[in-house]
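Enquirer: Numbers 7 to 216, taken from the working numbering, label the letters of the sequence shown in order.
Note that the Cβ used here is the ideal one computed from N, Cα and C, for glycine as well.
Here it is, the structure, as structure tokens.
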Amino acid sequence: MGYDEGKPNGKVLTANISKIKSLNVSYLYISDLTGIEDFSSLTSLSCYNNQLTSLNVTQNTALISLDCSSNQLTNLDVTQNTLLVELDCHTNLLKSLDVTQNTELSDLYCDENKLRNIDVTKNKLLTIFVCNNNEISGLDVSKNSFLIYLCCFSNQLSSLNLQNGNNENLTFLFAHINPNLTSIVVDNVNYSKTNWTNVDPVVSFSSNNQ
Numbered sequence: 007m008g009y010d011e012g013k014p015n016g017k018v019l020t021a022n023i024s025k026i027k028s029l030n031v032s033y034l035y036i037s038d039l040t041g042i043e044d045f046s047s048l049t050s051l052s053c054y055n056n057q058l059t060s061l062n063v064t065q066n067t068a069l070i071s072l073d074c075s076s077n078q079l080t081n082l083d084v085t086q087n088t089l090l091v092e093l094d095c096h097t098n099l100l101k102s103l104d105v106t107q108n109t110e111l112s113d114l115y116c117d118e119n120k121l122r123n124i125d126v127t128k129n130k131l132l133t134i135f136v137c138n139n140n141e142i143s144g145l146d147v148s149k150n151s152f153l154i155y156l157c158c159f160s161n162q163l164s165s166l167n168l169q170n171g172n173n174e175n176l177t178f179l180f181a182h183i184n185p186n187l188t189s190i191v192v193d194n195v196n197y198s199k200t201n202w203t204n205v206d207p208v209v210s211f212s213s214n215n216q
């Protein structure tokens, strides 16, 4: 990766890498990133389009941006990465993803996985949330009042709560191809009918206040 000392031998000194803040090792056919924990000052890591089956970033607590998309990850622990603002882990094999500790998260891309549920109620700064092509059965974004883009099509949704008190911020909604979804909870029924058309024909909008 260009951080060897002296004659290149594939090894690096911890002192050489402990101050590195940005690392991009995408498209390199990498199957193992063991040692990434020594990059203790890393704020941005891009390792997408590789062959990774595991990734340990629990020691990289300075991370603000992580893109590990298009790999073969079955597990991703970001509970220690509390400064994360951007997380892209789409197109992996994840069955679960805990982002409850990532309260600074603004952009979350976890589409094309095997997720059955995801809790974003703690991610109150979330503006972009892409989770399409999973197996999610219920989604609650009622705490995400800054949300402007939600893509949750091609799941197994039977419930979707969009009532966050600021639906006019939600400019883009893609919730179609969810055959079990017949009703969506919203702020304003008339506004939703007019502005959100990327839903299945059987879907109706409802509000606790109407």
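1) Verify whether the separation of the beta carbon atoms of S102 and L132 is less than 8 Å.
2) Whole angstroms are fine: how far does the CA of E43 sit from the CA of Q57?
3) Going by DSSP, what residues sit across from N167 in a beta bridge?
4) Below 8 Å, can you find three or more Cβ-Cβ pairs linking the stretch 88-97 to the stretch 66-75?
5) Here's the rule I'm using: 16 or more other beta-carbon atoms within 10 Å means buried, otherwise exposed. How should D117 be labelled?
6) Below 8 Å between beta carbons: does that hold for V147 and N173?
7) Strictly by DSSP, which residues pair up with V136?
8) Determine the closest residue to F45 out of Y155, D206, S28, with distance taken between C-alpha atoms.
9) Could you pull out every unbroken beta strand (DSSP E) segment of at least 3 residues lying fully inside the stretch 10-79, listed in chain order?
10) Contact defined as beta carbons within less than 8 Å: I believe N119 pairs with L89. What is the distance between those atoms, to the nearest angstrom?
11) Measuring alpha carbon to alpha carbon, tell me which of I142, L156, Y197 ends up nearest Q162.
12) Identify, in the order they occur along the chain, each residue of the same chain with its Cβ nearer than 8 Å to the Cβ of T59, setting aside the five sequence neighbours on each side.
13) When DSSP labels each residue in this structure, what does S198 get in the three-state scheme?
14) Measure the Cβ-Cβ separation of N87 and N108 and say whether it is below 8 Å.
15) For N98, count neighbouring C-beta atoms within 10 Å of its own C-beta (all shown protein chains included) and say buried if the count is 16 or more, exposed if not.
16) Can you tell which of S50, Y54, T188 has its C-alpha closest to the C-alpha of V208?
17) Along the chain, where does the beta strand (DSSP E) that runs through E92 open and close?
Expert: Let me spell this out:
1) Result no, Cβ atoms of S102 and L132 do not sit closer than 8 Å.
2) Between Q57 and E43, the C-alpha separation is close to 19 Å.
3) DSSP lists D146, V191 as partners of N167.
4) Remark: three or more beta-carbon pairs, one from each stretch, lie closer than 8 Å, so the stretch 88-97 and the stretch 66-75 are flagged as touching.
5) Buried.
6) For V147 and N173, no; Cβs fall outside 8 Å.
7) In the DSSP output, where bridge partners are listed per residue, V136 has Y115, C157.
8) For F45, the closest of Y155, D206, S28 by C-alpha to C-alpha distance is S28.
9) Runs of the beta strand (DSSP E) inside the stretch 10-79: 28-30, 50-52, 71-73.
10) Separation of the CB atoms of N119 and L89 is rounded to 23 Å, and the pair is thereby denied contact status at 8 Å.
11) Of I142, L156, Y197, the smallest CA-CA separation from Q162 is found for I142.
12) Same-chain partners within the cutoff: S37, N77, Q78, L79, T80.
13) Residue state, collapsed to three classes: helix.
14) It is a contact, given that the beta carbons lie within the stated cut-off.
15) Counting Cβ neighbours within 10 Å, N98 comes out buried, since at least 16 surround it.
16) Out of S50, Y54, T188, T188 has the C-alpha closest to the C-alpha of V208.
17) Bounds of the beta strand (DSSP E) holding E92 are 92-94.
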